[in-house]
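J.: Have a look at this one.
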Amino acid sequence: MTEAVDALFAALADPTRRAVVESLARLGAASATQLAARFPISRQAVAKHLGLLQEAGLVTGSRHGRELRYELTPAPLNDAMAWMVQVGAGWDRRLAALSRHLEPKG
Amino acid sequence: MSNSEVAREVLLPAPADEVWEALTDPAQLAAWFGGDLEIDPRPGGRTRYRGDDGEVRIGSVREADPGRRLAFDWWVPHEGPNGASRVEFDLEEVEEGTHLTVIESRPTVVESQVSRLEARLQQRVFA
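Chains as they are written, first to last, in this note's numbering: chain S, 162 to 267; chain U, 46 to 172.
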């Protein structure tokens, strides 16, 4: 039906990254070190996943003293979904009307 | 760079030249599009839209190949063409009528979010 927001979906295709997103949703904000403690992978591996999530616009990092803390930015997913639903519904309505309009009369 | 994209396909009970007329003739557009849409179907031609809800969009035709393909960008005037989405109609005549594909796409929201963040940062810098 649709093809959308490749970067977002690619970022969320990986189960570890989904788990990282879930953890951030629960924790609010966390450093790579704090997140690594919750997963059976290294801090470097977590940092790599966070980098990809950040590229996809799902996560932002901000510096607090010596620590880089990450948090979710759910807006892109919401915006993209809202746009697709709204625009898709518009075309569904128009194409149904166009199909009726072109039906042989009589 | 990726796009947000909505795609629809429909089999229409008419030959491609009639579908083309329905896509470009203002009187016919009024019958199905919802709101008033005017398209000048040639590259660089203007498009102008006023929805039943008062929404206004202006735009510009990118491609017009009668009976085959029509593509235009449209945008909300105060947002300007950087906020445009692109509409592409592809027509393919088949035995039962015309297969019409519509794709509407716009730059990924990740980028628009980045530009919003930049705007916010600038506000902070100049505040």
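Yeah, the Cβ is synthetic: ideal placement off N, Cα and C, and Gly gets one too.
Nothing here was measured: the structure is a model prediction, and the numbers come from that model.
Provide the residue(s) that pair with residue 210 (chain S) in DSSP beta bridges, ordered along the chain.
T.: Numbered from its first residue, the first sequence carries residue 210 (chain S) at position 49. Residue 210 (chain S) is not bridged to any residue.
J.: What does residue 264 (chain S) touch in chain U if you count any residue whose Cβ is under 7 Å from its own?
T.: For the purposes of this step, residue 264 (chain S) is taken as the residue at position 103 of the first sequence. Residues of chain U passing the Cβ test: 58.
J.: What does residue 95 (chain U) reach in chain S if we use C-beta pairs closer than 8 Å?
T.: Stepping through the second sequence from its first residue, residue 95 (chain U) is reached at position 50. The premise fails here: residue 95 (chain U) is roughly 15 Å from chain S at the closest Cβ pair, so nothing lies under 8 Å.
J.: Please compile the residues from chain U whose C-beta is within a distance smaller than 9 Å of the C-beta of residue 253 (chain S).
T.: Taking the first residue of the first sequence as 1, we reach residue 253 (chain S) at position 92. What residue 253 (chain S) touches in chain U: 53.
J.: Along the chain, which unbroken stretches of the alpha helix (DSSP H) at least 4 residues long are found entirely within the segment 173-218 of chain S?
T.: Within the segment 173-218 of chain S, the complete alpha helix (DSSP H) runs of at least 4 residues are 176-188, 193-197, 204-216.
J.: Please state whether DSSP places residue 227 (chain S) in a helix, a strand or coil.
T.: Start at 1 with the first residue of the first sequence, and residue 227 (chain S) comes out as number 66. Note: residue 227 (chain S) maps to coil in three-state DSSP.
J.: Over what stretch of residues does the alpha helix (DSSP H) that includes residue 143 (chain U) continue unbroken?
T.: Counting from 1 along the second sequence, the entry for residue 143 (chain U) is found at position 98. If you look at residue 143 (chain U), you'll find it isn't in any alpha helix (DSSP H); it sits in the beta strand (DSSP E) that goes 142-152.
J.: Under 8 Å Cβ to Cβ from residue 60 (chain U), same chain only, skipping five residues before and after it: list those, please.
T.: Locating residue 60 (chain U) in the second sequence gives position 15, counting from the first residue. Taken in chain order, the residues that qualify are 138, 142, 143.
J.: Check each candidate in S:265, S:249, S:228, S:254 and name the one with the smallest Cα separation from residue 192 (chain S).
T.: Here residue 192 (chain S) refers to the residue found at position 31 when the first sequence is read from its first residue. Among S:265, S:249, S:228, S:254, the Cα nearest to that of residue 192 (chain S) belongs to S:228.
J.: Give the interface partners of residue 248 (chain S) over in chain U, defined as CB-CB distance under 8 Å, in chain order.
T.: Taking the first residue of the first sequence as position 1, residue 248 (chain S) is located at position 87. Neighbours of residue 248 (chain S) on chain U, chain order: 51, 130, 149.
J.: Measure the CB-CB distance between residue 121 (chain U) and residue 132 (chain U) and report whether it falls below 8 Å.
T.: Taking the first residue of the second sequence as 1, we reach residue 121 (chain U) at position 76. Taking the first residue of the second sequence as 1, we reach residue 132 (chain U) at position 87. Not a contact, by the Cβ cut-off of 8 Å.
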